[in-house]
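Anchor point for the sequence shown: position 415 equals 415 in the UniProt record's numbering, and the numbering is continuous, going up by one each time.
Inspection log for the structure reproduced underneath, given as structure tokens.
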Amino acid sequence: MSGTDAFGRDLADFVRRVGELRAARALPPEERRDALDTALFELQHVAETLWPQYERLAARAPAGRPAERQESQLLKAVFQRLPLPVALVDGDTAVRRMNQAATVLTGVPAGYATGRPLAALLAPGDRVAFRSQVAAAARGEGGRSLSVRVRPRSEEPVRVTLVALPLPGEPVPAVLVVFQPGADVVEARGAAVPAGGVPGGHAEVLAAGAGADDRAGAGGAGAGDLAGATARASALDVVDAVATALLRRPPGDATGALEAVARVLHGRFADWVLADLTPAGAAHAADRPAPGPRRVAALGPSGEDALAGELAAQEPARCPLVAEVARSASAALQVRLEDPLALGTDAAGTAVLVRAGVGSLLCLPVLDGGGGPQDGPRTPRVLGVLTLLRVDARRAFSMAEARAADVAARHTGIAMVRPG
1 MSGTDAFGRD LADFVRRVGE LRAARALPPE ERRDALDTAL FELQHVAETL WPQYERLAAR
61 APAGRPAERQ ESQLLKAVFQ RLPLPVALVD GDTAVRRMNQ AATVLTGVPA GYATGRPLAA
121 LLAPGDRVAF RSQVAAAARG EGGRSLSVRV RPRSEEPVRV TLVALPLPGE PVPAVLVVFQ
181 PGADVVEARG AAVPAGGVPG GHAEVLAAGA GADDRAGAGG AGAGDLAGAT ARASALDVVD
241 AVATALLRRP PGDATGALEA VARVLHGRFA DWVLADLTPA GAAHAADRPA PGPRRVAALG
301 PSGEDALAGE LAAQEPARCP LVAEVARSAS AALQVRLEDP LALGTDAAGT AVLVRAGVGS
361 LLCLPVLDGG GGPQDGPRTP RVLGVLTLLR VDARRAFSMA EARAADVAAR HTGIAMVRPG
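This is the structure we're talking about:
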């Protein structure tokens, strides 16, 4: 290990020196000669020192590596084909691996989930307990089991078993999370699922997991292409409807344009639509309202008039996510909610996202189109913020839908600054 450690230190020092050489590009041309000589010296160091060290370390690698790789591939295949939903997380619940059955259960692709907290895929009321139990398992306090609700199936309790899993070369063990969908929540002491038995209601998840493999091998690509084409067509319809609504609005009315777009997106694209006008956008409003961010639309599902009224009266500055998007001019997409307090709280102190039963959200800045060739180097101004929410029972926002909504927001910004 001493040779490996020494090589690692030499390589880290080399990378640091290369970073310093990159900074030398800002020097005047007459001062770059020394930097060029240094770069040639570093290249010689790689060729004469680092590369021979690497070859020596590679030659000393233990025998039997092909067999070890084959064993590793076998274990990965077993993990992916395991009929129970299984995930590997760290002590903070960040996902490291997730098998196919787990993606079916959560409705989230493994690639998207990797690196994100698994707790975010649970109902808000279960996240704190889940994080606490995972941290305890990672500290070596023993395996444990608890009942949680996985979104969007929040009404169905799922039994979760947590087991610490030491990994070679890592000081802190990972935690293996095993879901048992459909398992009854047993409170009686000593009650358990019989050995070898499959909890009731689990057949649907198993069939779905197996079906995913079958579809991938026989005709799955065609079905995916059809679904993708349908989603793209639906997204184009939304952009077309927004453009039509904007063209029908008279110029010089930023507030009216933003409200019109909110009405178009409500229902067909999102269950909840919040439209906020920033001070820059208020300057283009027909009624010239007092400067300051204000909410111009809060549209929700039927039967949610009370919450819609509270949201309409809410100050945008008290919504952390809206304030951040307005400040950074960058969109935010959350396929699964990560912070229940992202849109603040209602009058009773309950998180708005929890009360509305939101499953995914999309928050978009409405820009004035600055930064184009006709505008020079000017950065675009944020005229408003559109916040789109979908409830748990509805499919989460996709990347294609987020792109379509971003185009619609850009069209909205251009329409808002049209002179009257």
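Idealized CB from N, CA, C, for every residue including glycine.
Own chain partners of residue i with C-beta closer than 6 Å, once the 5 adjacent residues on each side are dropped
i	result
MET98	ALA87, ALA110 and ALA113
ALA135	GLY91
Beta carbon of residue i nearer than 8 Å to that of residue j
i	j	result
ILE414	GLY384	no
residue 424	ASP271	Here the chain comprises residues numbered 1 to 420, so residue 424 is not present and cannot be evaluated.
PRO380	VAL325	no
ALA245	ALA260	yes
VAL163	ALA138	no
PHE397	VAL354	no
ARG263	ASP276	no
ASP12	LEU21	The displayed chain sequence assigns Ala, not Asp, to residue 12. No. Outside cutoff.
LEU321	LEU343	yes
ALA323	ALA317	yes
ALA243	HIS411	yes
PRO251	PRO124	no
VAL382	ALA329	yes
ALA119	LEU337	no
THR161	VAL178	yes
ARG17	GLU42	yes
Sequence-distant residues of its chain with Cβ nearer than 8 Å to residue i (five each side left out)
i	result
PHE7	LEU50, GLN53, TYR54 and LEU57
VAL407	VAL239
ARG144	GLN133, ALA136, ALA137, THR161 and LEU162
Residue from the options with nearest C-alpha to residue i
i	options	result
PRO157	THR379, LEU122, LEU343 and THR387	LEU122
ALA280	LEU40, LEU367 and PRO419	LEU367
CYS319	LEU274, LEU75 and GLY357	LEU274
ARG127	GLY309, THR93, ALA235 and VAL407	THR93
ASP10	LEU247, THR38, PHE41 and VAL46	VAL46
ALA404	GLU315, GLN73 and ALA241	ALA241
ARG327	ALA313, THR278, ARG268 and LEU362	THR278
Buried versus exposed, by CB contacts within 10 Å (16 or more), residue i
i	result
GLU401	buried
ARG189	Because ARG189 carries a pLDDT of 32, less than 50, the predicted location of this residue cannot be relied on, and the following value inherits that uncertainty. Its Cβ having fewer than 16 others within 10 Å, ARG189 is exposed.
LEU84	buried
LEU265	buried
GLN44	exposed
THR350	exposed
ALA347	exposed
LEU388	buried
GLY19	exposed
VAL104	buried
Anticipated Cβ contact below 8 Å, residue i with residue j, distance rounded
i	j	result
ARG159	GLN180	4 Å
VAL89	VAL15	VAL89 to VAL15, Cβ: 30 Å. No contact.
ARG151	GLY359	6 Å
LEU165	PRO173	6 Å
Residues near residue i by beta carbon distance below 7 Å, same chain, minus five either side
i	result
ARG249	GLY256, ALA257, ALA260 and ALA415
TYR70	With the sequence shown as reference, residue 70 is identified as Gln, and Tyr is not the correct amino acid for it. Nothing listed; no residue qualifies.
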